[in-house]
Amino acid sequence: MFYKPNVTLDPIAIQAGKDLRKIIFEGEESLEFHAYVNYAHGDETLQEMYGYEDWRQEKLRQLKSLYDPKDRFSFYAPIPRAGPSRDEP
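Mapping the sequence shown onto the working numbering, position 22 (from 1) lands on 23, and the numbers just tick up by one.
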C-alpha cells in the first residue's frame, strides 16, 4: 500500500499493515513469524527478519565483523558485530 504521508492517515495505515500481516501470519499456521527484511516495518526482531537458527545469527555477526568493523552499515535492521573490531587492540 502506498499513499502520500499524512499525519491523520499514518496511524490508520500502520494499523492496517499490522492487521494484514497478522492475518497472513495466522493463515500460515506457523509458530514463527518471518518478515522479508525489505518489507519489514521496523518492530520485528532480528530472528524474524534473518531467521531463527542460531548458526544463521552467528554467521551474520561474523560477516558483519569482517566486512563492517566500524558499523557504518547499521541504519535499518542492523546486525550486531561479533567480538572486537579490526580497529580495536
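C-beta: ideal position from N, C-alpha, C; glycine also.
When you compare the CB positions of residue i and residue j, do they come within less than 7 Å of one another, or not?
| i | j | result |
| --- | --- | --- |
| SER66 | ALA83 | yes |
| TYR68 | LEU61 | no |
To the nearest whole angstrom, what separates the beta carbons of residue i and residue j, a pair I think is in contact under 8 Å?
| i | j | result |
| --- | --- | --- |
| HIS35 | GLU49 | 6 Å |
| GLN58 | LEU47 | 7 Å |
Report the option in the options whose CA atom is closest to the CA atom of residue i.
| i | options | result |
| --- | --- | --- |
| LEU21 | ASN7, VAL8, PRO6 and ALA41 | ALA41 |
Decide if residue i is buried, meaning its Cβ has at least 16 other Cβ atoms within 10 Å, or exposed.
| i | result |
| --- | --- |
| ILE25 | exposed |
**Request:** Pair every Cβ in the region 7 to 14 with every Cβ in the region 28 to 48, then say whether three or more of these pairs are closer than 8 Å.
**Result:** Look at the beta carbons and you see the region 7 to 14 not touching the region 28 to 48: under three pairs across the two are nearer than 8 Å.
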